[in-house]
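Have a look at the structure below, then the notes.
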Ligand code: PEP
Ligand code: MN
């Protein structure tokens, strides 16, 4: 039996309601021009929320680490220009103060799911928190991490399945869709799927987006970039605005068949 899902309100967007919410945007904010173009394409394709990394946690210390503080002003300006709520990853509790008035959802990345001091600090705010599953976390550990945020006072938690580490190397991670179905049955938290980090391959974003919705996901988080070849992070998995529009039209068709249409904003 599926439990009834808690609805999280972000401006006009509801996550966890009958309709599917779409979050899209580049892995990282690279410049005002790049973020504005990516955001415009995401909006045109039908995304409801914008994503863009200000602070990045990269495996390789020499990889692009995000623009950091200078990207806050870019984020603020693009969010305002497009009138779209913004999701961005927080990597350190000291960033709360600078981010809180600029972003609409704090993303906790896979590497920080076990960062309990960070989760507790986010629990003292009332901003929605998108909690990615650690690539090594059991479902139970993931749900307990969510409880850290909730028990600190913030019930606005959105879970995000983004793939776990297995022996398989053909894909960046292994998308665990049984976790999505399990969470829908055993938790009241909404759960979305990130097919971009789960597969690391742009050719698998469409089939895994469809499969995620069929498994019961309340939304999708998809990386896109106006010029993937020039992307400073995760270009191999980025799609463009046209790809996103095509994928969303197929998601919409599938959603109609199972009473999960894509959210329409008034
Ligand atoms: C991201 O969303 O850009 C990201 C770094 O995700 P994850 O924490 O899932 O690797
Ligand atoms: Mn990324």
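Residue numbers (the numbering used here): 174 to 439. For each residue, glycine too, the CB sits at the ideal point set by N, CA and C. Please read all numbers here as calculations on a predicted model, not as lab measurements.
Rounded to whole angstroms, what's the CA-CA distance from residue i to residue j? Just pull it up for me.
| i | j | result |
| --- | --- | --- |
| residue 275 | residue 228 | 14 Å |
| residue 345 | residue 380 | 16 Å |
| residue 298 | residue 240 | 25 Å |
| residue 312 | residue 411 | 27 Å |
| residue 286 | residue 196 | 20 Å |
| residue 322 | residue 303 | 11 Å |
| residue 316 | residue 336 | 15 Å |
| residue 175 | residue 415 | 34 Å |
| residue 334 | residue 378 | 14 Å |
| residue 331 | residue 403 | 31 Å |
| residue 177 | residue 269 | 31 Å |
| residue 254 | residue 387 | 34 Å |
| residue 189 | residue 305 | 16 Å |
Report the three-state DSSP secondary structure of residue i (helix, strand or coil).
| i | result |
| --- | --- |
| residue 286 | coil |
| residue 334 | strand |
| residue 224 | strand |
| residue 236 | coil |
| residue 264 | coil |
| residue 178 | coil |
| residue 305 | strand |
| residue 394 | strand |
| residue 340 | coil |
| residue 201 | strand |
| residue 185 | coil |
| residue 412 | strand |
| residue 298 | coil |
| residue 372 | helix |
| residue 385 | helix |
| residue 196 | strand |
Say whether chain C places a C-beta atom closer than 9 Å to the C-beta of residue i.
| i | result |
| --- | --- |
| residue 292 | This model lacks chain C altogether, as it is built from one protein chain only. |
Within 10 angstroms of the Cβ of residue i, are there 16 or more other Cβ atoms? Answer buried if so, exposed if not.
| i | result |
| --- | --- |
| residue 438 | exposed |
| residue 301 | buried |
| residue 235 | exposed |
| residue 252 | buried |
Can you tell me which of the options puts its alpha carbon nearest to the alpha carbon of residue i?
| i | options | result |
| --- | --- | --- |
| residue 223 | 257, 288, 329 and 432 | 257 |
| residue 217 | 434, 423, 426 and 419 | 419 |
| residue 230 | 207, 261, 220 and 206 | 261 |
| residue 363 | 267, 225 and 328 | 328 |
| residue 264 | 247, 288, 254 and 243 | 288 |
| residue 338 | 359, 205 and 307 | 307 |
| residue 425 | 359, 385 and 435 | 435 |
| residue 293 | 325, 429 and 192 | 325 |
Validate contact between the stretch 399-406 and the stretch 198-218 using beta carbons, cut 8 Å, 3 pairs:
yes
Would the stretch 179-192 and the stretch 341-356 be scored as touching if the rule is three or more Cβ pairs under 8 Å?
no
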